[in-house]
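Asker: I'd like to ask you about the structure that follows.
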Amino acid sequence: MSASHSVLAKAQKKTRQKVKAKKNYQYIGLLYIAPWIIGLLIFQFYPFLSSLYYSFTDYNMVSTPKFIGLDNYKKIFTADPDFYQSLKVTGIYVLLAVPVKLAFALFIAMLLSAKLKGINFFRTVYYLPSILGGSVAISVLWRFLFMKEGVINNMLGYLHIGPVDWLGSPDIALYTLGLLTVWQFGSSMVLFLAGIQQIPGDLYEAGAIDGASKPRMFFKITVPLLTPIVLFNLVMQMVNAFQEFTGAFVITNGGPMKSTFLYALKLYEEAFSFFKMGYASALSWILFIIIMTVTAVIFKTSNSWVYYEDGRG
Amino acid sequence: MRETSSKTNTMLNYSFLIVLGFIMVYPLIWLFTSSFKTNADIFGSSKLLPTTYVWDSYALGWQGTGQYGFQDFFINTLILVVPTVIFTIISSVIVAYGFARFEFPLKTMLFSIMIATLMLPNASIMIPRYILFNKMNWLDTYLPFIIPAAFATGAFFVYMMIQFLRGLPRDLDEAATIDGCNSFTVLTRVLLPLCKPAIFSVGIFQFMWTWNDFFNSIIYISSVKKFTVSLGLRLSLDASSAVSWNQVLAMSVVSIVPCILLFFFAQKYFVEGISTTGLKG
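Chains as they are written, first to last, in the working numbering: chain A, 1 to 313; chain B, 314 to 594.
Shown next, in the form of structure tokens:
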């Protein structure tokens with residue numbers, strides 16, 4: 001993100017120089033971005049603020065919102081065991097699914113960066129599952145594959161393993177859902193691939209002359225140069241994983257024993273099954289604060305592990 | 314010596330790619346072949362091909378369970394998706410043009426805000442949005458999808474267009490201005506034709522995301538008459554007793570066919586679109 005800022009800043013500097021330090025505002029630009037500003041205010045900014053207000057109210061969509069101060073938050077933290085359960089499973093889900101997905105995406109991107117004939121065909125194959133995203137069809141598929149009598153267990157049967165209760169066991173179901181996310185690593189992979197292809201070849205040549213082994217070059221050249229993309233992927237995938245819904249809703253419906261009761265399901269249930277809009281708004285604000293905190297921590301620590309070519313890392 | 318080792322390397326790479334690739338698409342192939350299986354075959358057998366072929370699962374599944382069938386769900390989805398895509402394209406191009414080509418007060422700040430909304434979790438605004446749409450009487454219509462799209466709320470798409478427009482030389486604009494174009498005709502006559510690849514990317518991504526969307530559909534659409542494909546699919550999943558699983562699988566296949574076809578025809582734009590911005594999935 002900061003990269004694009006600096007690009008923008010440079011571009012602006014250039015234009016400013018062109019008009020010889022005279023601010024040359026073309027107000028018509030504001031007219032072009034007006035639709036976005038209106039949309040931002042009505043569909044993003046206003047909802048964002050009003051959800052803070054609703055979080056201090058008791059509101060069921062029928063009667064008018066009743067201000068109750070911090071009661072929703074108090075109840076969430078002291079009298080709602082489901083809140084802690086959903087927080088726990090979401091935490092596990094994010095911590096496991098996101099790193100595994102990114103590691104896998106990087107691994108496949110390395111394989112696909114090889115100059116082989118027909119490599120485009122393989123890129124297509126590996127990207128294919130990702131375009132179907134959170135569609136219901138894919139959730140249906142997962143449900144069938146991992147049923148107790150499903151095809152996965154049948155295959156394992158040949159190896160004399162199992163049957164594993166992939167979706168029915170509270171210890172395993174969450175990981176089965178995580179596997180679905182990992183399977184859809186395509187867009188992270190494409191980004192890594194684009195990054196790998198931009199690494200100048202002479203760096204590797206120099207490494208080879210110095211007698212560096214392949215793994216060493218991977219960790220000393222490839223990985224450091226890809227860290228800005230790692231950062232971007234990490235943040236975006238994390239924000240998405242915290243809000244994962246369709247899989248858990250269609251495949252397991254939060255079960256068994258709330259072991260896949262992800263935070264988004266809890267939110268959905270309070271808001272759209274019970275219509276406790278104030279309570280759900282408080283839940284959504286807690287999620288917002290968690291996501292922002294994690295993002296901030298990632299950005300703060302990124303100074304120590306993200307490598308910028310211009311040396312400001 | 315060296316040559317043989319690089320040859321074995323290539324062979325290793327290929328075999329690895331093939332095996333792993335097969336594992337990747339196996340679930341999708343299974344989904345397709347199993348839509349022709351009997352229930353007994355779907356469970357309790359790991360064979361990819363059916364032992365007995367069932368040919369009517371598509372026709373029966375298509376009819377749906379009650380009053381409305383997949384024909385209705387498909388038409389509904391198109392009524393929802395097509396305007397959403399068109400408005401997304403128009404609004405993103407116009408807003409991106411403003412950001413990419415003009416100077417105006419607070420531009421840097423507004424741009425930062427737009428980038429920040431990329432990371433704004435949808436979960437934190439969905440409830441008040443729902444309340445807002447309820448007040449506007451938009452619930453159980455497709456307006457909650459279409460109208461925000463007309464106001465460029467997809468920061469991802471605006472950003473994608475800005476990146477693309479920045480790559481087009483400004484000399485073009487200047488030449489067109491000298492030829493008597495105003496800023497709007499510069500956009501429509503000069504830049505727009507050059508933006509085709511980016512416009513395709515935006516359209517394709519928005520089409521897929523809206524087509525596959527489940528969460529927004531389930532909260533905004535309540536009457537079966539207006540159900541989209543994803544809602545219809547879930548309906549048939551709930552309604553099917555253990556009798557007709559092949560029909561559920563068949564309809565799953567049908568529901569992803571448009572996306573798969575689009576993917577194969579427009580692969581190029583996918584990769585371009587992601588590598589310029591890289592979100593989702």
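Just so it is clear, CB atoms sit at the ideal spot from N, CA and C, and this is done for glycine as well.
Remember, it's a predicted structure, so these values are computed and weren't measured experimentally.
Apart from the five residues just before and just after residue 285/A, which ones in its own chain have a Cβ nearer than 7 Å to its Cβ?
Answerer: On the first sequence, position 285 is the one that residue 285/A refers to. Answer for residue 285/A: 51, 52, 55, listed in chain order.
Asker: Please say whether residue 272/A and residue 532/B have beta carbons closer to each other than 8 Å?
Answerer: Position 219 of the second sequence holds residue 532/B. Position 272 of the first sequence holds residue 272/A. Yes, Cβ-Cβ distance for residue 532/B and residue 272/A is below 8 Å.
Asker: Using 8 Å as the limit for Cβ to Cβ distance, is residue 208/A near chain B?
Answerer: Here residue 208/A corresponds to residue number 208 of the first sequence, with the count starting at 1. Judged by the 8 Å Cβ criterion, residue 208/A is not in contact with chain B.
Asker: Using three-state DSSP, classify residue 67/A as helix, strand or coil.
Answerer: If you number the first sequence from 1, residue 67/A lands on position 67. In the structure shown, residue 67/A sits in a strand (DSSP, three-state: E or B).
Asker: Sorted by chain position, which residues of the same chain lie with C-beta nearer than 6 Å to residue 345/B's C-beta, five sequence neighbours on each side aside?
Answerer: As a first step, residue 345/B must be located in the second sequence, where it is residue number 32. Excluding residues within five positions, the ones whose Cβ falls inside 6 Å are 566.
Asker: Return helix, strand or coil for residue 453/B, following the three-state DSSP convention.
Answerer: For the purposes of this step, residue 453/B is taken as residue 140 along the second sequence, with counting starting at 1. The answer is coil: DSSP assigns residue 453/B none of H, G, I, E or B.
Asker: Tell me which same chain residues have a C-beta within less than 6 Å of the C-beta of residue 108/A, skipping the five on either side of it?
Answerer: Taking the first sequence and counting its residues from 1, one reaches residue 108/A at position 108. Cβ neighbours of residue 108/A beyond the five flanking positions: 126, 189.
Asker: Using the beta-carbon of each residue, which ones in chain B are nearer than 7 Å to residue 285/A?
Answerer: Locating residue 285/A in the first sequence gives position 285, where the first residue counts as 1. Within chain B, the residues near residue 285/A are 437.
Asker: Would you say residue 26/A lies against chain B (beta-carbon separation less than 8 Å)?
Answerer: Position 26 of the first sequence, counted from the first residue, corresponds to residue 26/A. Yes, its Cβ sits closer than 8 Å to a Cβ of chain B.
Asker: By DSSP's criteria, residue 58/A is part of a beta bridge. Which residues make up the other side?
Answerer: Translated into positions along the first sequence, residue 58/A becomes position 58. The partner list for residue 58/A (beta bridge, DSSP) reads 66/A.
Asker: Shorter than 8 Å from the beta carbon of residue 166/A to some beta carbon of chain B?
Answerer: Counting from 1 along the first sequence, the entry for residue 166/A is found at position 166. No, residue 166/A lies away from the interface with chain B (no Cβ there is under 8 Å from its Cβ).
Asker: Put residue 367/B into one of helix, strand or coil per three-state DSSP.
Answerer: Locating residue 367/B in the second sequence gives position 54, where the first residue counts as 1. DSSP places residue 367/B in coil when its eight states are reduced to three.
Asker: Inspect the CB distances between the segment 542–550 of chain B and the segment 130–141 of chain A and report whether three or more fall short of 8 Å.
Answerer: Yes, since at least three Cβ pairs between the segment 542–550 of chain B and the segment 130–141 of chain A fall closer than 8 Å, the two stretches touch.
Asker: Just the Cα atoms here: how many angstroms apart are residue 334/A and residue 100/A?
Answerer: Look at the range of chain A in this structure, 1 to 313, and you will see that residue 334/A is not part of it.
Asker: Under 8 Å between beta-carbons, which chain A residues line up against residue 337/B? List them in chain order, please.
Answerer: Locating residue 337/B in the second sequence gives position 24, where the first residue counts as 1. What residue 337/B touches in chain A: 125, 126, 128, 129, 183.
Asker: Closer than 7 Å between beta carbons: that is the criterion. Which residues of the segment 89–117 of chain A meet it against chain B?
Answerer: Here the close residues are 111, 114, 116.
Asker: Could you name the residues of the segment 66–89 of chain A whose beta carbon sits closer than 8 Å to any beta carbon of chain B, in the order they occur along the chain?
Answerer: Under the 8 Å Cβ criterion, the segment 66–89 of chain A contributes no residue.
Asker: Taking only beta-carbon atoms, is residue 342/B less than 8 Å away from chain A?
Answerer: Position 29 of the second sequence, counted from the first residue, corresponds to residue 342/B. Residue 342/B does not count as touching chain A.
Asker: Run the CB neighbour count on residue 438/B, radius 10 Å, all protein chains shown included, and call it buried at 16 or more, exposed below.
Answerer: Here residue 438/B refers to the residue found at position 125 when the second sequence is read from its first residue. Buried: at least 16 other Cβ atoms inside 10 Å.
Asker: How long is the line joining the alpha carbons of residue 331/B and residue 320/B, rounded to whole angstroms?
Answerer: Against the second sequence, residue 331/B aligns to sequence position 18. Against the second sequence, residue 320/B aligns to sequence position 7. One C-alpha to the other measures close to 16 Å.
Asker: Where does residue 193/A sit, in a helix, a strand or coil, going by DSSP?
Answerer: The sequence position of residue 193/A within the first sequence is 193, counting from 1. The answer is helix: DSSP assigns residue 193/A an H, G or I state.
Asker: Going along chain B in order, which residues have a C-beta closer than 8 Å to the C-beta of residue 154/A?
Answerer: Residue mapping note: residue 154/A aligns to position 154 of the first sequence, counting from 1. By Cβ distance, chain B contributes 357, 358, 359.
Asker: Would you kindly report the start and end of the unbroken alpha helix (DSSP H) that includes residue 274/A?
Answerer: Walking along the first sequence from the start, residue 274/A turns up at place 274. Run containing residue 274/A: none; DSSP gives neither H nor E here.
Asker: Could you say if the segment 413–426 of chain B and the segment 454–467 of chain B meet the contact criterion of at least three C-beta pairs nearer than 8 Å?
Answerer: In short, these stretches do not touch, since the Cβ pair count stays below three.
Asker: Could you work out which residues of chain A lie near residue 432/B, taking near to mean beta carbons separated by less than 9 Å?
Answerer: Translated into positions along the second sequence, residue 432/B becomes position 119. Result: 1, 235, 236, 239, 291, 292, 295.
Asker: Indicate whether residue 174/A and residue 98/A have their beta-carbon atoms separated by less than 8 Å.
Answerer: Reading the first sequence from its first residue, position 174 is the one you call residue 174/A. Reading the first sequence from its first residue, position 98 is the one you call residue 98/A. Not a contact, by the Cβ cut-off of 8 Å.
Asker: For residue 175/A and chain B, any beta-carbon pair shorter than 8 Å?
Answerer: The residue given as residue 175/A occupies position 175 in the first sequence. For residue 175/A, the answer is no, since every Cβ of chain B falls outside 8 Å of its Cβ.
Asker: What residue from 405/B, 355/B, 360/B, 499/B has the CA that sits closest to residue 39/A's CA?
Answerer: One-based indexing of the first sequence puts residue 39/A at position 39. Of 405/B, 355/B, 360/B, 499/B, the residue nearest in Cα terms is 405/B.
Asker: Does residue 368/B pass the burial test, meaning 16 or more other C-beta atoms within 10 Å, or should it be called exposed?
Answerer: Locating residue 368/B in the second sequence gives position 55, where the first residue counts as 1. Residue 368/B is exposed by the Cβ-count criterion.
Asker: For residue 159/A, return the contacting residues in chain B, with the cut-off set at a CB-CB distance below 8 Å.
Answerer: In the first sequence, counting from the first residue as 1, residue 159/A sits at position 159. What residue 159/A touches in chain B: nothing, since even the nearest Cβ is about 11 Å away.
Asker: In terms of alpha-carbon separation, which member of 115/A, 95/A, 157/A lies closest to residue 326/B?
Answerer: As a first step, residue 326/B must be located in the second sequence, where it is residue number 13. Of the listed residues, the one whose Cα sits closest to residue 326/B is 115/A.
Asker: Looking only at its chain, what residues have a beta carbon closer than 6 Å to the beta carbon of residue 260/A, apart from the 5 residues adjacent to it on each side?
Answerer: Taking the first residue of the first sequence as 1, we reach residue 260/A at position 260. Excluding sequence neighbours, residue 260/A sits near 173, 174, 177, 248, 252, 254.
Asker: Around the C-beta of residue 195/A, are 16 or more other C-beta atoms found within 10 angstroms, so that it is buried, or is it exposed?
Answerer: For this step, residue 195/A is matched to residue 195 along the first sequence. It counts as buried.
Asker: Would residue 525/B pass as an interface residue toward chain A - the criterion being a Cβ-Cβ separation below 8 Å?
Answerer: As a first step, residue 525/B must be located in the second sequence, where it is residue number 212. It does; some Cβ of chain A falls within 8 Å.
Asker: Around the C-beta of residue 322/B, are 16 or more other C-beta atoms found within 10 angstroms, so that it is buried, or is it exposed?
Answerer: Here residue 322/B corresponds to residue number 9 of the second sequence, with the count starting at 1. When all chains shown are included, residue 322/B counts as exposed.
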